[in-house]
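Read in order, the letters of the sequence shown correspond to residues 1113 to 1669 in the numbering used here. Below is one structure, written out as structure tokens; the observations come after it.
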Amino acid sequence: MVLTDIEIAQQATLTPIKEIAETIGLVEDDLELFGKYKAKLSMEKINALKSNENGQLILVTAINPTPAGEGKSTVTIGLGDALNRLGKKTVIALREPSLGPVMGIKGGATGGGAAQVLPMEDINLHFTGDMHAITTANNALSALLDNHVQQGNELNIDLRRTIWKRVVDLNDRALRKVVVGLGGAIQGVPREDGFDITVASEIMAILCLARDITDLKQRLGNIVIGYTYTRQPVFVRDLKVEGALALLLKDAIKPNLVQTIEKTPAFVHGGPFANIAHGCNSVLATTTALKLGDYVVTEAGFGADLGAEKFLDIKVPNLPKAPDAVVIVATIRALKMHGGVLKSNLQEENVEALKVGFANLEKHIENIQSFNVPVVVAINEFLTDTEEEILTLQQLCEEKGVKIARCSVWANGGAGGVELAKAVLSEMEGTSKEFSPVYDVNDSIEEKITAIVQKIYGGRQVHFEKKAKMQMKNFAQYGWDKLPICMAKTQYSLSDDPTLLARPKDFDITVRELVPKLGAGFIVALTGDVMTMPGLPKTPAALNMDVDSVGNAIGLF
């Protein structure tokens, strides 16, 4: 009988987090404890670590996701455990799960099998309250905005042009478009509004990119909440509430320390989605991990066209260094789906479909190489993989001049990642090249988006709808055109059409709208029908969840 992830996690013996902290040179006074097995690192300690040398940084990314599963977080955790087995002082840095996918269909973000971070139930549910703090700060701003309008609207805010939305950390499609302020004069001023999921909030992005509390406060002040009747931007600093928002986030900004099943220290902090935000854990968590470990293994959301591109073009400028190596996770199953095989037929050997689907992995390899960063491919193994399929994939990667390693961390934990760890260490010993981003941040918005579409996605050209064209003109006038670009795009395809798998050719990308995220420090480009508030599936994962009489979680994956 194969145990579920939660059963494996519940059978694991946790070590007090104080002892885990000691393995990376931390003492109890450096920690703010949340029970025995979770802690936040104090800002005093984070500041004291700034003079430490940086460790080596390994980024884990993947091919475009499929229903077959890729296991990027699982490989990240297993690789960290494997490096520790090899005597390398390693720290892991991951994103926090959102309750939206946890209760919906995608699941949690704590890995799987023998490669998990613990306590799994806590991390996947309320954890240390970071998501709730971000939700509260976001909605406090909404309340303060509506109150300002109710109390006379001194800033002359045009309610038709407010762009700040409320949030909730759940998939709730009914909240995408709402009207607030109904019921008469004392209930507020009626206006159209809407909800995003918390991980799409700009405050989430800000928390994950801020270097310290001072930077956090400045970024919060830079949030654009809407425009005046003369179409001038209105900022949070105009409302004079950035201090109050920062106060609500003073604990949430501190990275959370937990452990893997194999006792590897792991910072789990921040959780923006990569299809609608920048998809990386916090700068503070990654930077702190670099100061404490000789090696840091981190991940970026969804496929390399989204998560890795944003990590390299948006997050790296805020980090002490670029990655020393990138691991691209692929599975035989997922590559066969990119090659046209139905999920119901994936257990059958199909070398030809694998060869067709390899085109997706091939493009991601080329993309990472274009950044001048060493690449290793990880085959996340499944029992249904055949030797012929594995040998075929190995040969295809070798023809591209890329190292490839088999990885069985779900079944075997760190032991199943040793081959991958050795391959990554070998690649990192090579001659270092100068990191090269996709675009020059000083290019125009149109030039930057076109560079991403043509160089990373392999598209032909970009079509800008009327609204996006007008916004590009206005943003240039405001001086916002020199910011990085955060593409909001389907994760399932290199294109903006989720049905175009593998490596589509001769496609165009349509940008329908731009959203200024000045606090985060980037411009979001909305493509396709990507929603910033997802919906629940017909049969949500929540239907399988329960709790027993002593408080143990049931059915949580």
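Glycine included, C-beta positions come from ideal geometry on N, C-alpha and C. Quantities reported herein were computed from a predicted structural model and do not represent experimental measurements.
For Ala1437, write down the residues that DSSP places opposite it in a beta bridge. Ile1170
DSSP on Glu1266, reduced to helix/strand/coil? coil
With 16 as the cutoff for other CB atoms within 10 Å, does Ile1564 come out buried or exposed? buried
State buried or exposed for Ser1210, treating a residue as buried only when at least 16 other CB atoms are found within 10 Å of its CB. buried
Tell me Ile1204's beta-bridge partners as DSSP assigns them. Ala1378 and Val1409
Proximity below 8 Å, CB of Ile1365 to CB of Ile1325: yes
Buried or exposed: which applies to Lys1582, given that a residue is buried once 16 or more other Cβ atoms fall within 10 Å of its Cβ? As written in the sequence, residue 1582 is Met, which differs from the Lys given in the question. Flag for Met1582 reads exposed.
Just verifying my parser: in three-state terms, what is the DSSP assignment at Lys1152? strand
Kindly give me the distance between the Cβ atoms of Val1311 and Ala1389, rounded to whole angstroms, as I take these residues to be in contact under 8 Å. Going by Cβ atoms, the distance from Val1311 to Ala1389 rounds to 7 Å, so yes, they are a contact pair.
Could you give the C-beta distance for Tyr1551 and Lys1560, rounded to a whole number, given that I count them as a contact under 8 Å? 5 Å
Taking Leu1161 as the reference, give the member of Arg1518, Gly1452 and Thr1399 with the closest Cα. Thr1399
Mind reading off the beta-carbon distance from Leu1169 to Leu1369? Whole number of angstroms is fine, and I expect it under 8 Å. 18 Å between Cβ atoms; not a contact.
Expressed to the nearest angstrom, what Euclidean distance is found between the alpha-carbon atoms of Gly1192 and Val1203? 7 Å
Anyone know if the C-beta pair for Thr1127 and Lys1475 falls short of 8 Å? no
From the DSSP secondary-structure annotation, give me the bridge partner or partners of Asp1305. Val1290
Which residues in the same chain as Glu1510 place their Cβ atom closer than 8 Å to its Cβ, once the five residues preceding and following it in sequence are excluded? Leaving aside the five residues that flank Glu1510 on each side, the residues in its chain whose CB is nearer than 8 Å to its CB run, in chain order, Ile1516.
By DSSP's criteria, Asp1658 is part of a beta bridge. Which residues make up the other side? Ile1666
Can you give me the start and stop residues for the beta strand (DSSP E) that Phe1385 sits inside? Counting along the chain, Phe1385 falls outside any beta strand (DSSP E), and DSSP gives it neither H nor E.
When DSSP labels each residue in this structure, what does Gly1333 get in the three-state scheme? In the structure shown, Gly1333 sits in a helix (DSSP, three-state: H, G or I).
If we call anything under 8 Å between Cβ atoms a contact, is Tyr1604 one with Asp1417? No. Outside cutoff.
Tell me His1599's beta-bridge partners as DSSP assigns them. Here the sequence assigns Met to residue 1599, which means His is not the residue at that position. Partner(s): Ala1637.
How many angstroms separate the CA atom of Asn1334 from the CA atom of Thr1248? 18 Å
Which listed residue (Thr1342, Leu1458, Glu1304 and Thr1116) has its alpha carbon closest to that of Gly1293: Glu1304
Grab me the residues of Thr1562's own chain with a C-beta within less than 6 Å of its C-beta, minus the 5 sequence neighbours each way, in chain order. Val1574
Pairs of beta-carbons, one from the segment 1520-1533 and one from the segment 1480-1494, closer than 8 Å: are there three or more? yes
Leu1431 versus Ser1394, Gly1542 and Tyr1149, residue with shortest Cα-Cα distance: Looking at the Cα atoms, Ser1394 is the closest of the given residues.
Residue of Gly1300, Met1215 and Gly1167 minimising C-alpha distance to Lys1200: Ranking Gly1300, Met1215 and Gly1167 by Cα distance to Lys1200 puts Gly1167 first.
When the distance is taken between beta carbons, is Thr1240 closer than 8 Å to Gly1338? no
Quick one: is Pro1377 buried, meaning 16 or more other Cβ sit within 10 Å of its Cβ, or exposed? With 16 or more Cβ atoms within 10 Å of its Cβ, Pro1377 is classed as buried.
Just checking my contact of Ile1246 with Leu1319 at CB under 8 Å: how many whole Å lie between their CB atoms? That pair is a contact at about 6 Å.
Can you find the residues in the same chain that come closer than 7 Å, C-beta to C-beta, to Lys1277, ignoring five residues on each side of it along the sequence? Cβ neighbours of Lys1277 beyond the five flanking positions: Asp1305, Gly1306, Phe1307 and Asp1308.
Are Met1599 and Ala1180 closer than 8 Å when you measure CB to CB? no
Go ahead and pull the three-state DSSP assignment for Ala1401. helix
Confirm, please, whether the CB-CB distance from Ala1205 to Thr1410 is below 8 Å. Their beta carbons are under 8 Å apart, which means Thr1410 touches Ala1205 by this criterion.
Exposed or buried, Ile1298, counting other C-beta atoms within 10 Å across all chains shown (16 or more means buried)? exposed
Could you pull the start and end residues of the alpha helix (DSSP H) that Ala1194 belongs to? That run of the alpha helix (DSSP H) goes Lys1184 to Arg1197.
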